[in-house]
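Trainee: Below: one structure in structure tokens.
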Amino acid sequence: MLRLTINPVTRKRFRRFRSMKRAYWSFCLLTVLYGLSLAAELLCNSVPLWVRFRGESYFPVLRFYPEDVFTGSGKMTRPDYKALRQLPAFTEEPGNWMLFPPVPYGQYEVIASSQIEASEDTTLVLTPVSNVGAVYVTSDLRIVRSTAAGFFSGQPDRELKGRSVERFWPLADGVKAGIASRFANREASAISAAGNGANGVALLISMSAFTPRRQAPRTVRLTLREQVDVESSTRTLVLGPDSTVLQDRGDLWGGASAEARSTLLKLANRRLAVGSDITEDVVVDGTALKARAIREIVRFPFRPVRGHWLGIDHAGRDVLVRVIYGLRTSMTFGLLLVACSMCVGTCVGALQGYFGGKIDITAQRFIEVWSALPFLYIMILMGSVYGRSFALLVFCYGLFNWIGMSYYTRAEFLRLRKMPFVEAARCLGLPTRKIVFRHILPNALVPLITLFPFSLVGAIGSLAALDYLGFGLPPPTASWGELLQQAQQFRWAWWLIFYPSLSLFVVMLMGVFIGEGVRNAFDPKRFSRMQ
């Protein structure tokens, strides 16, 4: 019977690693998450796990069945199982049923907008309209003519003629100087100054830019504009499908008259009749307002709703499904890349360190030249020639990622090749292959094992960065970087920023915790001190 024997030193390192709770539980959690992502087809899929039809069992998640099997239509194409479930054969016969995964959506499935439960509430956003008026004054600042200035003076426009403008609106020195420049027929820039009307209304007095003319002007126009704090004055009213008030910000509905309420309800009903958002000018209890009637429309990307807890991306795909499949893609890419890089780096470093001399110097010069090549340009060139793919990405990254590993292996072999056990192996006549791989390499693996989690974290981050820049995996492959690229285009879609970033942060943080635990477990100095 085969029995696995573990070296006592290795067993002691395992115990040290388990004693570091943060690293150990991070390792367990990351392993479980990666295991679940490997079985993502059983958790998130648009095809059922089990179909029971006319006494027969079918497993579409494992095997392809043409549509003819369930409909008898003669079509050999892939069936739409969600549409089949609505047929009388499944709705009326209790012996026929389908069992879907917990999340019944695939990583490439585009969700129809009709399947999404959008809010049926109507939101009315009412913003005050600034009153604007104008007065024409002479050189002695007397009003000759006025237009809609009664709001700022508290008197009708006809009663302002012949009166001094400063009786109603004190003018700043800059405004007076601007008026004088215009009557002197000199060039003057636009001027604006804040002030208060006779009725206490905050206003802005302004004049447009002036260029010299053949004759000096007889009058100068002063524009009066009410200053309104839009943010604090904006009022929002949310009405339900049955016209019930669900939210009233600014006490608009409570303080409105019956006529004003009728006006607001008519505006909401017009929004329902038109089918799109509308903007109108309304008067509510004597106050001029610009009203916008808004109702939620299903447009992708769409916010999190029931059944799509992490939202929907710009192509109509479920973000939760994309995050789970993206975890599998990232972890698989990182593990393959680090494993390949360590194999190549270990072999190259072992040859350099064991033989030394001209072989070591030649290989070092080659590595220096190789590491100076621009990786991103090579990635773009290879992608344009062969097309982007998962294998090409691993290959291109592996061309450069082994260099750092070779340095550590070379240093360990340079140190260990002069050790007594290596000299003894040579004296016994063992071949170079056995000396390198059976005697030196096991003792040189400590730095490589310590670096493995950190290299994995770096590989996951590099993949996300390349996908974000558009040089990574080809669409529509699920990737966290691809979701972040969508977030760059739709910055208001917070779910495209938050959930992929959170997933990337958590996985990389757990990888760092694991690396910290492995480093401490393999550190001989920490456990060799006298206590």
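Once you know that position 493 of the sequence shown is 692 in my numbering, the rest is easy, because the numbers rise by one and skip nothing. C-beta: ideal position from N, C-alpha, C; glycine also.
List the endpoints of the continuous beta strand (DSSP E) containing Gln446.
Mentor: Val444 to Arg448
Trainee: Return the chain-ordered list of same chain residues with a C-beta closer than 6 Å to the C-beta of Glu495, the five sequence neighbours on each side being excluded.
Mentor: Ala317 and Ser318
Trainee: Are the region 683-698 and the region 561-570 touching, with three or more C-beta to C-beta distances below 8 Å?
Mentor: no
Trainee: At a cut of 8 Å, does the region 302-312 reach the region 504-521 through at least three beta carbon pairs?
Mentor: yes
Trainee: If you follow the alpha helix (DSSP H) that Trp691 is in, where does it begin and where does it stop?
Mentor: Segment: none, Trp691 is in no alpha helix (DSSP H) and carries neither H nor E.
Trainee: Is the number of C-beta pairs between the region 619-636 and the region 695-702 that are closer than 8 Å three or more?
Mentor: no
Trainee: Please work out which residues of its chain come closer than 7 Å, Cβ to Cβ, to Gly373, disregarding the five sequence neighbours upstream and downstream, and give them in chain order.
Mentor: Ile390 and Ala392
Trainee: Distance, Cα to Cα, Leu359 vs Tyr335?
Mentor: 11 Å
Trainee: What is the rounded straight-line gap between the Cα of Val364 and the Cα of Val328?
Mentor: 24 Å
Trainee: In angstroms, rounded to a whole number, what distance separates the CA positions of Arg728 and Val711?
Mentor: Caution applies to Arg728, whose pLDDT of 48 falls short of 50 and renders its modelled position unreliable; the value that the coordinates give is listed next. The alpha-carbon atoms of Arg728 and Val711 are separated by roughly 26 Å.
Trainee: To the nearest angstrom, how far is it from the Cα of Ser432 to the Cα of Leu471?
Mentor: Rounded to whole angstroms, the gap between the alpha carbons of Ser432 and Leu471 is 26 Å.
Trainee: Give me, in chain order, the residues of the same chain whose beta-carbon lies closer than 8 Å to that of Asp480; leave out the 5 immediate sequence neighbours on both sides.
Mentor: Val328, Ala487, Leu488, Lys489 and Ala490
Trainee: Is the region 444-459 touching the region 405-422, taking contact as three or more C-beta pairs under 8 Å?
Mentor: At 8 Å Cβ cutoff, the stretches do not touch.
Trainee: DSSP three-state label for Trp452, please.
Mentor: coil
Trainee: Among the candidates Gly548, Leu598 and Val593, whose CA atom is the shortest distance from the CA of Ala571?
Mentor: Leu598
Trainee: Starting from Asn244, trace the beta strand (DSSP E) in both directions and tell me its first and last residue.
Mentor: Neither: Asn244 is in no beta strand (DSSP E) and is coded neither H nor E.
Trainee: Out of Leu340, Pro287, Pro619 and Val483, point me to the one whose CA is closest to Thr270's CA.
Mentor: Pro287
Trainee: Closest by CA to Tyr233, which one among Pro641, Val208, Thr528 and Gly555?
Mentor: Thr528
Trainee: Report yes if the C-beta distance between Ala348 and Gly332 is below 7 Å; otherwise report no.
Mentor: Taking 7 Å as the Cβ cut-off, Ala348 and Gly332 qualify as a contacting pair.
Trainee: Asp476: which of Arg212, Asp320, Ser236 and Asp267 sits nearest, CA to CA?
Mentor: Asp320
Trainee: Going by DSSP in three states, His513 sits in which element: helix, strand or coil?
Mentor: coil
Trainee: Within its chain, find whatever has a CB closer than 8 Å to the CB of Gly660; leave out the 5 residues flanking it on each side and keep chain order.
Mentor: Leu703 and Met707
Trainee: Give the straight-line distance between the Cα atoms of Gly548 and Glu266, rounded to the nearest whole angstrom.
Mentor: 56 Å
Trainee: Suppose the cutoff is 6 Å on Cβ atoms and the five residues either side in sequence are ignored; what does the same chain contact list for Met530 look like?
Mentor: Tyr233
Trainee: Which word fits Gln551, buried or exposed, when buried means at least 16 other C-beta atoms lie within 10 angstroms of its C-beta?
Mentor: buried
Trainee: On the three-pair Cβ rule with 8 Å, is the region 622-631 touching the region 599-607?
Mentor: Proximity of the region 622-631 to the region 599-607 falls short of the contact definition, fewer than three beta-carbon pairs being nearer than 8 Å.
Trainee: What three-state label does DSSP hand Lys281 in the structure shown?
Mentor: Residue state, collapsed to three classes: helix.
Trainee: What number of angstroms, rounded off, separates the C-alpha of Pro699 from the C-alpha of Ala457?
Mentor: 49 Å
Trainee: Between Pro619 and Gly714, which are expected to be in contact by the criterion C-beta below 8 Å, what is the C-beta distance as a whole number of angstroms?
Mentor: Between Gly714 and Pro619 the Cβ distance is about 32 Å, and since that is not below 8 Å, they are no contact.
Trainee: Any idea if Arg516 is buried or exposed, counting beta-carbon neighbours within 10 angstroms, 16 or more meaning buried?
Mentor: buried
Trainee: Would Val246 and Val260 qualify as a contact pair, given that the criterion is a beta-carbon distance under 7 Å?
Mentor: yes
Trainee: CA-CA distance, Ser163 and Leu575?
Mentor: Any question about residue 163 goes unanswered here, given that the chain covers just 200 to 730.
Trainee: So Leu242 and Pro301 are in contact, right, with Cβ under 8 Å, and what is the actual spacing, rounded?
Mentor: 6 Å
Trainee: Near Ser225, what residues of its chain come up, given a Cβ to Cβ distance below 6 Å and the 5 sequence neighbours on each side ignored?
Mentor: Met709, Phe712 and Ile713
Trainee: Would you kindly work out how many angstroms separate the C-alpha atoms of Val584 and Leu591, rounded to a whole number?
Mentor: 11 Å
Trainee: What do you reckon, are the CB atoms on Asp484 and Ala467 nearer than 7 Å?
Mentor: Cβ distance not < 7 Å, so Asp484 and Ala467 don't count as in contact.
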